[in-house]
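Asks: Questions regarding the structure given below will be posed in turn.
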Amino acid sequence: MENVEPSTRPSATGTVITPDDLREIRRDICTVSAPSWVQSVPTDLGDVSHGKLKADQWRSLACLYILVPLMRLWGKATGPKASALHLTFLLVSAIIVATSRTTSTRHADVYLHLMKEYVDGLKEHFPEFDLHPNHHFAFHLRRYLIQYGPMHEWWTFPFERIIGMLQRISTNDKIGM
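Read in order, the letters of the sequence shown correspond to residues 0 to 176 in numbering that gives the first Met the number 0.
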């Protein structure tokens, strides 16, 4: 790996966000005025106290909350942070295309091209990062966009939300009581 400051060297998971970066991102999250229909994200992002983010929160984070702080923090960066910024824009662009309210074969092709460029970039710039099953699944979405139409008509965010509500119901682990 090229000579980079230890604070900007990617970890074994490929992470390049420093604690200072995370503080700035959190500060920016607190200042965003989002429309009421946009899923909010925890202001203590990165802390385990709020639990895992839901899929819709990840989408909101990517498409609304994260781009401006990353551009401000890493816009003139070089090395891993510049690569991470470029890859973030590829991923967010793919998300925006995939979750558009309209779709076509052209939309699906653009989405696939962006995802391929994103995953190829991950492998090139962060070879220590292990790809996950979601990376593989993402390549199947092109076919689903063509077969089933716009993603908002078949995604499972509403079901995920209901499952989350059911999981928060206090029970004594006994059926019918």
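The C-beta atom is built at its ideal place from N, Cα and C for all residues, glycine as well.
Note that the structure is a prediction, hence the values are computed from the model and not measured.
Per DSSP, what kind of secondary structure is Lys80 in: helix, strand or coil?
Replies: On the sequence shown, position 81 is the one that residue 80 refers to. Helix.
Asks: Assuming the contact rule is C-beta atoms closer than 8 Å, Gly120 and His85 should be a hit. Round their C-beta distance to whole Å, please.
Replies: Here residue 120 corresponds to residue number 121 of the sequence shown, with the count starting at 1. Here residue 85 corresponds to residue number 86 of the sequence shown, with the count starting at 1. Rounded, the Cβ-Cβ distance is 7 Å, consistent with contact.
Asks: Ile168 to Ile162, Cα distance in whole Å?
Replies: Taking the sequence shown and counting its residues from 1, the one referred to as residue 168 is at position 169. Taking the sequence shown and counting its residues from 1, the one referred to as residue 162 is at position 163. Each residue's Cα considered, the two are about 10 Å apart.
Asks: Just the C-alpha distance for Val96 and Asn171, rounded to the nearest angstrom, thanks.
Replies: As a first step, residue 96 is located in the sequence shown; it is residue number 97 there, counting from the start. As a first step, residue 171 is located in the sequence shown; it is residue number 172 there, counting from the start. So the alpha carbons of these two residues sit roughly 44 Å apart.
Asks: Please report the residue range of the alpha helix (DSSP H) in which Ala137 lies.
Replies: Translated into positions along the sequence shown, residue 137 becomes position 138. Residues 132-137.
Asks: Taking its Cβ as the centre, do 16 or more other Cβ atoms sit within 10 Å of Val118, making it buried, or is it exposed?
Replies: What you label residue 118 is simply residue 119 of the sequence shown in a count that begins at 1. Result: buried.
Asks: Ordered along the chain, which non-local residues of its own chain (more than five positions away) have a Cβ less than 7 Å from that of His106?
Replies: Position 107 of the sequence shown holds residue 106. Closer than 7 Å at Cβ, skipping near neighbours: Val96, Ser99, Leu144.
Asks: Can you tell me the Cβ-Cβ gap for Ala61 and Leu90, rounded? I've got them flagged as a contact below 8 Å.
Replies: Sequence index remark: in the sequence shown, residue 61 carries index 62 (1-based). Sequence index remark: in the sequence shown, residue 90 carries index 91 (1-based). That pair is a contact at about 7 Å.
Asks: Between Arg141 and Leu72, what straight-line distance do the alpha-carbon atoms span, to the nearest angstrom?
Replies: In the sequence shown, counting from the first residue as 1, residue 141 sits at position 142. In the sequence shown, counting from the first residue as 1, residue 72 sits at position 73. Straight-line Cα distance between these residues: approximately 33 Å.
Asks: Within its chain, find whatever has a CB closer than 8 Å to the CB of Met70; leave out the 5 residues flanking it on each side and keep chain order.
Replies: Start at 1 with the first residue of the sequence shown, and residue 70 comes out as number 71. Here the set comprises Leu84.
Asks: What residue range does the alpha helix (DSSP H) around Pro149 cover?
Replies: Translated into positions along the sequence shown, residue 149 becomes position 150. Segment: none, Pro149 is in no alpha helix (DSSP H) and carries neither H nor E.
Asks: Our contact map puts Ala93 next to Leu113 with C-beta atoms below 8 Å; I'd like the distance itself, whole angstroms only.
Replies: As a first step, residue 93 must be located in the sequence shown, where it is residue number 94. As a first step, residue 113 must be located in the sequence shown, where it is residue number 114. About 4 Å; that satisfies the 8 Å criterion.
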